[in-house]
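K.L.:
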Amino acid sequence: MAGATTQPADLNGEGAGPRSASVIVNVIDVLRCFTVEEPLQGVTEIAAQVGLHKSSVSRILATLEREGIVERDELSRKFRLGLGLIAIAGPLLANLDVRRVSLPMLRDLSAATEETVALVVWDGSEAVTVEQVPSTQNIKHTAPLGTRYASALNASVQVFLADMSEDRARELLAGAAAPPAGSGVGTDEVLTWLARTRERGFAVNYGDTYPEEVGLAAPVRDLRGETVAGVLLAAPRYRVDERRREELGRACAHTAAQISARLGAVPA
14 MAGATTQPAD LNGEGAGPRS ASVIVNVIDV LRCFTVEEPL QGVTEIAAQV
64 GLHKSSVSRI LATLEREGIV ERDELSRKFR LGLGLIAIAG PLLANLDVRR
114 VSLPMLRDLS AATEETVALV VWDGSEAVTV EQVPSTQNIK HTAPLGTRYA
164 SALNASVQVF LADMSEDRAR ELLAGAAAPP AGSGVGTDEV LTWLARTRER
214 GFAVNYGDTY PEEVGLAAPV RDLRGETVAG VLLAAPRYRV DERRREELGR
264 ACAHTAAQIS ARLGAVPA
């Protein structure tokens, strides 16, 4: 009909305007009742916290449950936040600047280990250094930002190859990521290293590229579980015996897991 207008419906099927705005605020208030300390909430508890009638809270929760935003706990029949929230927050989490998010934790790792720590990302066939916190010790290993690592002997490359299918890893190992001629390291040996990387959570270069250098790298994952970066720790080999190597590797993996959680990754 000429001149007729249609307004978007809110959660209760009502038109836009002040009432719609108030319903949205009520929904947000309801969601804010779910906290780390109190993840399970019942209709009565929520109603008391937000100052709404229980029937209004019940309608809001029913709508949120249909959308997967909340779900019922089977034992208590109370509500908790649902995985549908991840779909909503996903674009924000995926677009967080991994370099910015990582820097404070890279600094903590470097301070705790007294070694150089860097963040690397994958650029098709090479790992690239995009952030670095140098060791405060006089003898240290550092590299300029933008340094690229191609050989699979590098821990920073292994950590990305380990996340790929075997076919893709073999393809790169036959080309850009191939170990240098004369290294005596073949594709099958590297594939064994990659399996070990997946098992323990970090890659190791124990003097494989340069006899005097140790490199350890652990994967940083996003909310999809994909490796989007690597935490790299570099140290002179004379300071790192096998026991220290494992300690540093675990510390590297712990920091990578912290960064991954900040990016929305679900713990394995």
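First residue of the sequence shown: 14, per our numbering; consecutive thereafter.
For every residue, glycine included, the Cβ atom is placed at its ideal position computed from N, Cα and C.
1. Is Q54 helix, strand or coil when you go by DSSP?
2. Nearest by alpha-carbon distance to L360: which of R90, E84, V56, L88 is it?
3. For the structure I just gave you, are there three or more beta carbon pairs, one from the stretch 191-203 and one from the stretch 140-159, closer than 8 Å?
4. Considering P117, what are the terminal residues of the alpha helix (DSSP H) in which it resides?
5. Considering only DSSP beta bridges, list what E226 is partnered with.
6. For T48, tell me which candidate among A124, R72, L94, D86 has the shortest Cα-Cα distance.
7. How about A175 and T210: are their beta carbons less than 8 Å apart?
8. Taking just the CA atoms, how far does R120 sit from R252?
9. On the CB-based measure, 16 or more other CB atoms within 10 Å of its CB, does D221 come out buried or exposed?
10. Look at the Cβ atom of S169, then the Cβ atom of G228, and state whether they are nearer than 8 Å.
11. Are V130 and L236 close, meaning C-beta to C-beta below 8 Å?
12. From which residue to which residue does the beta strand (DSSP E) around T142 run?
13. Pick out whichever of R213, S178, L166 has its Cα sitting closest to the Cα of P193.
14. Helix, strand or coil for L96? Go by DSSP, reduced to three states.
15. Helix, strand or coil for T76 per DSSP?
16. Please list the terminal residues of the continuous beta strand (DSSP E) segment that includes R237.
17. Across which residues does DSSP place T129 in a beta bridge pair?
18. Whole angstroms are fine: how far does the CA of V111 sit from the CA of P21?
19. Whole angstroms is fine: what's the gap from G28's alpha carbon to V36's?
20. May I ask which residues mark the beginning and end of the beta strand (DSSP E) holding V217?
21. Using only the alpha-carbon positions, how far apart do A270 and P280 sit?
22. Rounded to the nearest angstrom, how far is the Cβ of R234 from that of V114, given a contact under 8 Å?
23. Would F215 pass as a contact of G159 if the rule is Cβ separation under 8 Å?
24. In this structure, how does DSSP classify E179 when only helix, strand and coil are distinguished?
P.N.:
This is what the structure gives:
1. strand
2. Because the chain is modelled from 14 through 281, residue 360 falls outside the range shown and cannot be assessed.
3. no
4. 111-126
5. P249
6. L94
7. yes
8. 20 Å
9. buried
10. yes
11. no
12. 140-146
13. L166
14. coil
15. helix
16. Per DSSP, R237 belongs to no beta strand (DSSP E) and is neither H nor E.
17. A247
18. The pLDDT assigned to P21 is 40, lower than 50, so where the model puts this residue is not dependable, and the model offers no usable value.
19. Note that G28 scores 45 on pLDDT, short of 50, meaning its location in the model is unreliable and no value can be drawn from it.
20. 216-219
21. 8 Å
22. The Cβ separation is near 13 Å, so there is no contact.
23. no
24. helix
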